[in-house]
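Going left to right, the sequence shown walks through residues -19 to -1, 1 to 174 as mature numbering (1 follows the signal peptide of the UniProt record, and there is no 0) numbers them.
For each residue, glycine too, the CB sits at the ideal point set by N, CA and C.
Everything below concerns the one structure shown next.
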Amino acid sequence: MKKFSIFLLLLTVSMLAVRCGDSEEGKELTDEELYEFQGFSMKPYDIPVMIMLPDETANIGASTQPEIIHVEDDFKWELMVGPNFHMIIDDWGSDREMVSSEKKRLAGLNFYKIKYLVDEPDFILYERELKVDGKKGASKSVGVEHKTYHVYGQKVIDGITYVFRSRDDGFEKIIIDLMAKSIKSVKPLKGNS
């Protein structure tokens, strides 16, 4: 009986250790998390992926038909769903360090405070706040608080690194949270899907 109890204890501890090792990074989004989204194939625009985009039920002013702006043979796509969802997709070829390069760039912006809300090797979601400095002796009300939210993720599809990001001006948190789900939903298309 003692050996069986020790076995159960070791089994429980090992299961807990494995469970604690689960990361958000590899976690797939559930149907429940994507209930306000619909699948959209980027294959007609030369990116062999399926991405989930907010639909009209997301309550962000999203239209039912996504719009893509892309100049043929260019390395940049703009993906818009209504007036409030504007994602930029860049083709970076074989460069696999785009997120770390972006973090270095952000660290050099001395006039912003950057707070990472999600910080993963291939994905970041952050708050950017303008540092407001007034003259000595100026009222505390000098300057205006300015916070924006941004998302930046990379996906390697067929050997090509694509960066999915918010526009440079950022968005409100609710829009960025939807973009984050869209980026995390990106899956390569198989065959001629």
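Which of helix, strand or coil does DSSP assign to residue 144?
In this structure, residue 144 counts as strand in the three-state DSSP scheme.
Please state whether the Cβ-Cβ distance between residue 138 and residue 29 is less than 8 Å. A contact, by the Cβ cut-off of 8 Å.
| request: Kindly give me the distance between the Cβ atoms of residue 136 and residue 145, rounded to whole angstroms, as I take these residues to be in contact under 8 Å. | output: Yes, residue 136 and residue 145 are in contact; Cβ-Cβ is about 7 Å, under 8 Å.
With a cut-off of 8 Å on the beta carbons, I'd call residue 18 and residue 33 a contact; round off their distance for me. 4 Å between Cβ atoms; contact.
- Mapping DSSP to helix, strand and coil, what is residue 169? Correct three-state label for residue 169: strand.
Pull up the distance between the alpha-carbon of residue 140 and that of residue 134, whole angstroms please.
It is roughly 16 Å from the alpha-carbon of residue 140 to the alpha-carbon of residue 134.
* Best match in 67, 89 and 56 for proximity to residue 75 [C-alpha to C-alpha] -> It is 56.
**Request:** For residue 87, collect the residues of the same chain with a Cβ closer than 6 Å to its Cβ; drop the 5 residues on either side in sequence, then sort them by chain order.
**Result:** These residues qualify, in order along the chain: 95.
- Contact under 8 Å by Cβ, residue 127 with residue 108: Not closer than 8 Å, so no.
Less than 8 Å separating the beta-carbons of residue 105 and residue 93?
-> Contact: no.
| request: In the DSSP assignment, find the beta strand (DSSP E) that holds residue 126 and state where it starts and stops. | output: Looking at the DSSP string, residue 126 is not in any beta strand (DSSP E), and its letter there is neither H nor E.
Inset, instruction - Would you tell me roughly how many angstroms separate the C-alpha atoms of residue 91 and residue 58, rounded to the nearest one? - result: Residue 91 and residue 58: Cα-Cα distance of roughly 29 Å.
Would you list, in sequence order, the uninterrupted beta strand (DSSP E) runs of no fewer than 3 residues that lie entirely inside the segment 12 to 92? Listed in chain order, they are 18 to 22, 30 to 35, 48 to 51, 57 to 61 and 67 to 72.
Q. Does the Cβ of residue 25 have 16 or more other Cβ atoms within 10 Å, making it buried, or fewer, making it exposed?
A. Under this definition residue 25 is an exposed residue.
ask   = Would DSSP call residue 175 helix, strand or coil?
value = One cannot answer for residue 175 here, as it falls past the ends of the chain, which runs -19 to 174.
query = Between the C-alpha atoms of residue 100 and residue 54, what's the straight-line distance to the nearest angstrom?
reply = Rounded to whole angstroms, residue 100 to residue 54 spans 32 Å at the Cα level.
message: Between the alpha carbons of residue 149 and residue 20, how many angstroms are there, rounded?
response: For residue 149 and residue 20, the distance between alpha carbons rounds to 25 Å.
Residues in its own chain within less than 6 Å of residue 51 by CB, not counting five upstream and five downstream? Answer for residue 51: 26 and 58, listed in chain order.
Checklist entry - Any idea if residue 6 is buried or exposed, counting beta-carbon neighbours within 10 angstroms, 16 or more meaning buried? => result With a pLDDT of 44 at residue 6, under the threshold of 50, the modelled position of this residue cannot be trusted, and the question is left open.
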